[in-house]
Structures are given as structure tokens and as C-alpha cells.
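A.B. asks:
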Amino acid sequence: MPITPVLTKRWTTDESWLMRTYEDDGGYRALRTALGTPQDDLIQLVKDSSLRGRGGAGFPTGMKWGFIPQDDGKPHYLVVNADEGEPGTCRDLPLMMADPHALIEGIVITCYAVRANHAFIYIRGEAVHALRRVQNAVREAYAKGYLGGDILGSGFDLELTVHPGAGAYICGEETALLDSLEGYRGQPRLKPPFPATHGLYQSPTVVNNVGTLASVPHIVSNGADWWKAMGPDKSPGTSIYSLSGRVKRPGQYEAPMGTTLRELLDMAGGIPAGRDLKFWTPGGSSTPLFTAEHLDVPLDFDSVAAAGSMNGTSAVMVFDDSDCVVRAVKRWCEFYAHESCGKCTPCREGTFWYVQIYERLERGDASEQDLETLLDLSDNILGRAFCALGDGAVSPVTSSLKYFRDEYVAHFEQGGCPFRGRGRARVKALSGSERA
Amino acid sequence: MTTPAEQTMPTPDTSVFDGITADADAIVARYPVGRQRSALLPMLHLVQSVEGYVSAAGIKFCAERLGLTEANVTAVVTFYSMYKRQPCGEYLVSVCTNTLCGMLGGDEIHEALKRHLRIDDNETTADGRISIEHAECLAACDYAPVVTVNYEFFDQQTPDSAVELVRALEAGDLPMPTRGAPPCTFRQIERQLAGFPDERPDALAGGGSGGEPTFAGLRLAESHGMADTDGDRLGGGGGDAASGHEQAGKRVPPTPQSGDREETTRVTSEEPPQGGVARKAAEHRDDAEQGMRADRGGEDD
Numbered sequence: 000m001p002i003t004p005v006l007t008k009r010w011t012t013d014e015s016w017l018m019r020t021y022e023d024d025g026g027y028r029a030l031r032t033a034l035g036t037p038q039d040d041l042i043q044l045v046k047d048s049s050l051r052g053r054g055g056a057g058f059p060t061g062m063k064w065g066f067i068p069q070d071d072g073k074p075h076y077l078v079v080n081a082d083e084g085e086p087g088t089c090r091d092l093p094l095m096m097a098d099p100h101a102l103i104e105g106i107v108i109t110c111y112a113v114r115a116n117h118a119f120i121y122i123r124g125e126a127v128h129a130l131r132r133v134q135n136a137v138r139e140a141y142a143k144g145y146l147g148g149d150i151l152g153s154g155f156d157l158e159l160t161v162h163p164g165a166g167a168y169i170c171g172e173e174t175a176l177l178d179s180l181e182g183y184r185g186q187p188r189l190k191p192p193f194p195a196t197h198g199l200y201q202s203p204t205v206v207n208n209v210g211t212l213a214s215v216p217h218i219v220s221n222g223a224d225w226w227k228a229m230g231p232d233k234s235p236g237t238s239i240y241s242l243s244g245r246v247k248r249p250g251q252y253e254a255p256m257g258t259t260l261r262e263l264l265d266m267a268g269g270i271p272a273g274r275d276l277k278f279w280t281p282g283g284s285s286t287p288l289f290t291a292e293h294l295d296v297p298l299d300f301d302s303v304a305a306a307g308s309m310n311g312t313s314a315v316m317v318f319d320d321s322d323c324v325v326r327a328v329k330r331w332c333e334f335y336a337h338e339s340c341g342k343c344t345p346c347r348e349g350t351f352w353y354v355q356i357y358e359r360l361e362r363g364d365a366s367e368q369d370l371e372t373l374l375d376l377s378d379n380i381l382g383r384a385f386c387a388l389g390d391g392a393v394s395p396v397t398s399s400l401k402y403f404r405d406e407y408v409a410h411f412e413q414g415g416c417p418f419r420g421r422g423r424a425r426v427k428a429l430s431g432s433e434r435a
Numbered sequence: 000m001t002t003p004a005e006q007t008m009p010t011p012d013t014s015v016f017d018g019i020t021a022d023a024d025a026i027v028a029r030y031p032v033g034r035q036r037s038a039l040l041p042m043l044h045l046v047q048s049v050e051g052y053v054s055a056a057g058i059k060f061c062a063e064r065l066g067l068t069e070a071n072v073t074a075v076v077t078f079y080s081m082y083k084r085q086p087c088g089e090y091l092v093s094v095c096t097n098t099l100c101g102m103l104g105g106d107e108i109h110e111a112l113k114r115h116l117r118i119d120d121n122e123t124t125a126d127g128r129i130s131i132e133h134a135e136c137l138a139a140c141d142y143a144p145v146v147t148v149n150y151e152f153f154d155q156q157t158p159d160s161a162v163e164l165v166r167a168l169e170a171g172d173l174p175m176p177t178r179g180a181p182p183c184t185f186r187q188i189e190r191q192l193a194g195f196p197d198e199r200p201d202a203l204a205g206g207g208s209g210g211e212p213t214f215a216g217l218r219l220a221e222s223h224g225m226a227d228t229d230g231d232r233l234g235g236g237g238g239d240a241a242s243g244h245e246q247a248g249k250r251v252p253p254t255p256q257s258g259d260r261e262e263t264t265r266v267t268s269e270e271p272p273q274g275g276v277a278r279k280a281a282e283h284r285d286d287a288e289q290g291m292r293a294d295r296g297g298e299d300d
């Protein structure tokens, strides 16, 4: 069983969210180590560990830190992307609720390394349970001298501001997040220039995900080789896999990168009795769907990409043969249409027309032509949208058409959803034909 | 430029916000000097803590504090779903209807609540007590289907448990969320969102470290007596850690016939310890899922 608690290990400790619990477990020791280490050595350590960003894209963290120009006379910033909202993704909020000091320790170390004296935690607004814990942990850290002026006598100063969002999925996109943090509508910026040189307030900025930063103290304490010993060489460390949907025990399972769905299902007690795995997302709704044929794909950044999807946020949503894929994708399309910021035409219009076609499919008056239109729309969004939201919206549409075209056809051949009103026999028969 | 429409519009009276000017200044002080516009999002939450929504007066107040135009502020208000343009009820009930929650029962919950309250989405009951909305993914998929009340989580709901929850709100008998602090009003939670912490003594500990799905992997590790993999934090446990890594690092082909599965099922099949509404919800969950499937079979028309 590959379960490997590192980031999750404190979560069941009594009052895990308090400073005293964290310190009793050795917390903030990594910070002392870091403050006695030259900053460039810390950046090199994280490069050597091959830590990759946990926010979805998997960009090498040390390289991102290394892009920050030094001695440029400008203020540097760290912005924590805690705007968790990708459908299926649910691991950052539990981390901040249970163990907020792990995040704060990672923030202080990172800021010291990249020479930033002000950091911001942009936390999703609809997450008051996590916000409350983070606010309290920040207060505790100031009181203990882990934040503020001359931290632990090192001469390093850091202010940390907790900034709540206000309900907009697009603000998880790093440049939209920066605009939102500056007090504007959350719309993405043209890249380049990248945040590393022109980020918050047009200054050099590192934007890192919660899980990425919470990994940093462990790497400082245990070394790059320790981290690299877990998971594949190019995508090492642990990942918190979030299992949800049709599994017996949904929840958070921390395991080395490269764990397979077969192994995860074993841990989660499998699919409910009498049901079969039908489709699943390896890393959230923006990652192309997988099916039962992908049970043994190692879930790490490179292996999932090689198999035609993306590892994303390790958000594994599982659906079984009682679930209609058209209904699932329709709802995701409605989500993307609702959350499209409207800045670029392909995404704004494309997601709107997706929804119109899926409504026709559910009503039973779509046609073969509509399926072609879905693919045509997808071609006009993918790679042509301003940011990754548009690309993400395409993923469930094209991947479901690839694997389940018969089910789409059944929607207009049978005058509506075959999963509604025709009983289980019909559903079973249909599922059988898909696999044949 | 002033349009004729603006000339006839009454100037909003911002005196209702006189009591929060110091708070507004405290928000501005969190950001670097000269970057006061960053205070706009939390300041709009603060405005909602006074009026329960963002009124024309609230927009004017923020614009004046930050040296912006009212058009600047309005553009921001209309972008974010948590800023309400109509007075929100004391209790904002949000039902996740994104794909996963929706298919596990969220759609039925949403319908049941609208039917019970006799209002539509984004509306408020006549007594101003309860508003309902559907929400996009609330990042609690392992607790699906979820409902929040003023953003506090009520996990693993069913149509029945959600109606029971709303009945309790109607009666002023506030149930504890599954994960979160004792409920407070929409305006009070908006003050927390503006960055003014919840000072109630029982608020911080509310919800513990999380619910059973949060701990699912850890429980498995504990049941297998797995050592902490983080050698350094154990103080000299380097040997254990090293062997742990090696085991963890090697990618072995999956062996479904291994003893793990049996062990897993045996150890963790106990009912998770949950309280109140959550427990009831868990009890109802299986029934509801069966009911949902039965529904699908029955809608033959």
C-alpha cells in the first residue's frame, strides 16, 4: 500500500491547527535551518529536489524561484494561490484547516529565499472554515516572531496579508489572481511578461500553490534526496490524491506521485458493489477524462500527459456505469460558461454555445451535426483562448466524445437521456456496447 | 461626463457606514503604501457586513475611501458572485450543483429546498431570513453532496437532511455545521471575510481538524502501523525514514490480490464518528442514493 503521509501527517493530531501543536511536532525548525542558509543555496536545494508546483501545471518550483531577478532594487512578492476551485479539487482547504502553520512556515522560507518582504495568501472567499484557521495562525506566528520585523534575529522582515476572494473560479489563474489582488475584476493578463518579472504591482512575484509551499519545510528538513526518493525521478515527492464520487471511502490519500487509480481504488474500498468504473478525471474537470483502460497509468505529471490527459491537481473524480457522461459534461460546460471572465471571444462564446448544444442533447433534439459542431467549437477554443480556462473547458467535451460517442448518439436516437426512464437494463446494455 | 439619468438619480447617503471608517482604514493598512486599491475586495465584504449586500451607498463609500470612481467599484462588484446586489437573507444557503455533487444528489437537494422555501434560485424569503443559491464547486468533493449556510459546511447531505437543516434555520435553532464554527448571520460572516477574526471562544475549534474523508488516507496508514515518513521530525528516526522512502519510491506493479484490500476493508469499514446533522446525513446517504437511482428508473415519460 503506497500511502505515505508527509503533508497530511499532522492532520489527526489534537488541535492540529495551533502553534503549540505544530512546534511540539518540530514545526518551525526548518525555518531556523533556512535562515542560517544562504538564500541561493535554498533555491538550489528546491531545484535539486525537483519539486513541481501542485497547483496543476507542475512547473518546477526551484526554477520559478530562480527567475526572480535579484538586486534589481524592486520589492519582491510571494502570492499564495489558495483559491481552490477546480471541480474535484479539495486538498488545499483541508490542509489550511488542519495544518495552517505548515503553509506559513513554507511561506516564510520561500520569501527569505526569493528576498520578498511581503506575502499574500489569496484564499477563496467561500472557505471561512479554512480562512479562520489561517487568520489565527498568522496572528500566532506574528506573536512568536516568525513573522514581522527581524524574524528570529536574522534581520529578515516579512509581512503576511491574508486576502479573501469573492467568488470567481478564474482567480485561480495566476495573473487573474494578481489583478484581483490589486482590486480589479479577475481577468487574466497577457503573458509574457510573466509574474516573475512583472507580477503584483508590476514587481517580481512568485505565485505558488498551497501544497507546493507546505512541501518546502519538509524538503529543507530532510533534503532533496529524501524528496526525490519518493515517486518518479522527474515528478517526485508525494501528492495528496483527492478521491471523490463513486468510491466507498472518498477522501484525501497522500501517496507518492505515480500512484495508479487501481491502487487508489484499493485504498478507498473500491467502487460500490455491482457497479463498474466508467470514467474519471485524473486531475480535475479541466483534464481530459480517462476510462477503465487507464487504471494502471501512473498518476504523475509526465505519465498522465503521455497517456493523453493532465495530472492537474490529483483530483480524481470517479463515475460508474450508472452515470450519464453527457449529463456530467453538460454540468461542467455550464460551470465554465458561468466562470468564463468574458475577456476573450473563443472562451466566452464557445462555452455559451457548448451549453446550448448540451441542452439540446438532454432534450433529445440534437443531431449528428451537433456533435460535429461541438468538435468544431472545441477546435476554435483550444489554443485560441486567452488563458487555460478555455482549454480546460474543451477537455471534458472532446475526451467524452472520444470515448463515449455512442452515448451521445443514444441521446438523439432515443429522444433524450437513456439513463432517465428506461430502467437499469437499458443502462447496462448501453454500457456494454461502449466497452465492446 | 454626466448623463441625464445620473442627474436625476439621488446621491446615495453613506452615513450608514460612519461606524466602519476606522475598519476600512485598517483594511487599507494591510497593503503596501500607495496600493490601497488592493483593499477593495475585503472592503466590499465589510460593506456587506453592514447592509447585507452592496448598495449604491456601499459602492460610493468604497470609491470615496479608495479614491476610485463609482464606475470602477461597480465593475468589480458585478464580477464576483459573493457580492450581492439585493439584500441577502440572514442565512445564505448554497447548494453545490457542480457535476460531482449534482450527480450524487445535489440537484435533488437544490430542488427540494426551493420547493420547501417556495422561492427560486437567488431569491430571499419574504421575512428576509433565508436566501438560496446554487454554488459552483465548493472544494469539498470528498464530502459530496455539500450545502453551506453562510459558507459553513454541512457535508454529505440528502434532500431530507437539507430540508431539516433549513427548517431549523427557519425556527432560529441553528445546527452546528459539520466542519466549521457555530453559525452566525450573513452580515457577521462578511465581517470575518473582511479580515476581522471571529472572536467567539468556540469558533476557532469548530469542526476540529476536519471530517473522516479528510483523514481517510491517514486512517489507512495508522491501521497499517506505518511510521512517520518524515525522519527529521521524529528526531533521529533516519533509519526508518530511509527504508520507508525506498519502499515508497519503488514503483511496483499493482497487485490486486495482495492482502492489502482485505485488511483495508476490515479496518476502516466502521462508521465514521460524526455528530448531529452529519450523522443523520450519513444514515440517509445510502437510502438517498438508492432513491436517486430508483427515480431515474421511474421517470418514464
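Line order of the protein sequences matches chains A and B. The opening position of the first sequence corresponds to residue 0 in numbering that gives the first Met the number 0, with each subsequent residue numbered one higher. The opening position of the second sequence corresponds to residue 0 in numbering that gives the first Met the number 0, with each subsequent residue numbered one higher. C-beta: ideal position from N, C-alpha, C; glycine also.
(1) Decide if T20/B is buried, meaning its Cβ has at least 16 other Cβ atoms within 10 Å, or exposed.
(2) Using a Cβ cut-off of 8 Å (strictly closer), state whether M102/B contacts chain A.
(3) Is there a C-beta anywhere in chain A that falls below 8 Å from the one on F152/B?
(4) For V5/A, which residues from the same chain have a beta carbon less than 7 Å from its beta carbon, with the 5 sequence-adjacent residues on both sides left out?
(5) Rank A56/B, G224/B, R186/B, S160/B by C-alpha distance to the C-alpha of H115/B and give the top, closest one.
(6) For the stretch 18-75 of chain A, which segments carrying the alpha helix (DSSP H) assignment without a break, of at least 4 residues, lie completely within its bounds, in sequence order?
(7) By Cβ distance below 8 Å, which residues in the same chain neighbour N71/B in space, the five residues on each side in sequence not counted?
(8) Apart from the five residues just before and just after A74/B, which ones in its own chain have a Cβ nearer than 8 Å to its Cβ?
(9) Can you tell me whether A118/A sits near the ligand GTP, meaning its C-beta is under 7 Å from at least one heavy atom of the ligand?
(10) May I ask you to verify whether the stretch 204-220 of chain B touches the stretch 86-106 of chain A, counting CB pairs closer than 8 Å and requiring at least 3?
(11) Should F60/B be flagged as near chain A, meaning a C-beta pair shorter than 8 Å?
(12) Taking a Cβ distance cut-off of 9 Å, strictly less, list which residues of the stretch 82-95 of chain B are near chain A, in chain order.
(13) Report back the beta-carbon spacing between E104/A and G26/A to the nearest angstrom; my notes put them in contact at under 8 Å.
(14) State yes or no: is the beta carbon of N80/A nearer than 8 Å to at least one beta carbon in chain B?
(15) Taking the Cβ atom as the reference point for each residue, do L152/B and T184/B lie within a distance shorter than 8 Å?
(16) Might you give, ordered along the chain, the residues of its own chain that have their beta carbon closer than 6 Å to the beta carbon of C170/A, omitting 5 neighbours on each side?
(17) I need the DSSP call for M8/B, collapsed to helix, strand or coil.
(18) Output the distance between the C-alpha atoms of G152/A and M62/A, rounded to the nearest integer angstrom.
(19) How many angstroms separate the CA atom of D119/B from the CA atom of T96/B?
(20) What are the residues that DSSP puts in a beta bridge with M316/A?
(21) Between P9/B, D17/B, S48/B, which has its C-alpha nearest L193/B's C-alpha?
(22) So is G179/B in contact with chain A if we call contact Cβ pairs under 8 Å?
(23) Rounded to whole angstroms, what's the CA-CA distance from L370/A to S399/A? Just pull it up for me.
(24) In angstroms, rounded to a whole number, what distance separates the CA positions of T267/B and V296/A?
(25) Which residues mark the beginning and the end of the alpha helix (DSSP H) in which N207/A is found?
(26) Is there a C-beta anywhere in chain A that falls below 8 Å from the one on Y52/B?
(27) Does L242/A get closer than 8 Å to chain B when you measure Cβ to Cβ?
(28) Taking only runs that begin and end inside the stretch 102-148 of chain B, name each unbroken beta strand (DSSP E) of 3 or more residues, in chain order.
(29) Are P203/A and D71/A touching if we call contact CB-CB under 8 Å?
(30) What beta strand (DSSP E) runs, 3 residues minimum, are completely inside the stretch 109-190 of chain A?
(31) Taking only beta-carbon atoms, is L99/B less than 8 Å away from chain A?
(32) Return the CA-CA distance between H223/B and P1/A, expressed in angstroms with no decimal places.
(33) Would a C-beta distance cut-off of 8 Å place M81/B and R326/A closer than the cut-off?
(34) If you scan the stretch 317-351 of chain A from start to end, which runs of the alpha helix (DSSP H) of 4 or more residues do you find wholly inside it?
(35) Below 7 Å on C-beta distance, what does S15/A contact in chain E?
(36) Give the DSSP-derived three-state secondary structure of R362/A in the structure shown.
C.D. replies: From the atom records:
(1) exposed
(2) yes
(3) yes
(4) H217, T237, E253
(5) S160/B
(6) 18-23, 28-34, 38-48, 60-65
(7) A62
(8) none
(9) As for the ligand GTP, it is missing from this structure, which has no ligand bound.
(10) yes
(11) no
(12) Y82, S93
(13) 6 Å
(14) no
(15) The displayed chain sequence assigns Phe, not Leu, to residue 152/B. It is not a contact, given that the beta carbons lie outside the stated cut-off.
(16) D82, G164, L176, S179, G185
(17) coil
(18) 29 Å
(19) 15 Å
(20) S243/A, T280/A
(21) Correcting the residue type first, residue 193/B is Ala in the shown sequence and not Leu. It is S48/B.
(22) yes
(23) 11 Å
(24) Confidence in T267/B is poor, its pLDDT being 31 and thus under 50, which makes the residue's placement unreliable; the coordinate value appears in the next sentence. Spanning the two alpha carbons is a distance of roughly 26 Å.
(25) Careful: N207/A lies outside any alpha helix (DSSP H), inside the beta strand (DSSP E) at 204-208.
(26) no
(27) yes
(28) 129-134, 146-148
(29) yes
(30) 117-122, 158-163
(31) yes
(32) 11 Å
(33) no
(34) 324-338
(35) In summary, chain E is missing from the structure at hand, where the protein chains are A and B.
(36) helix
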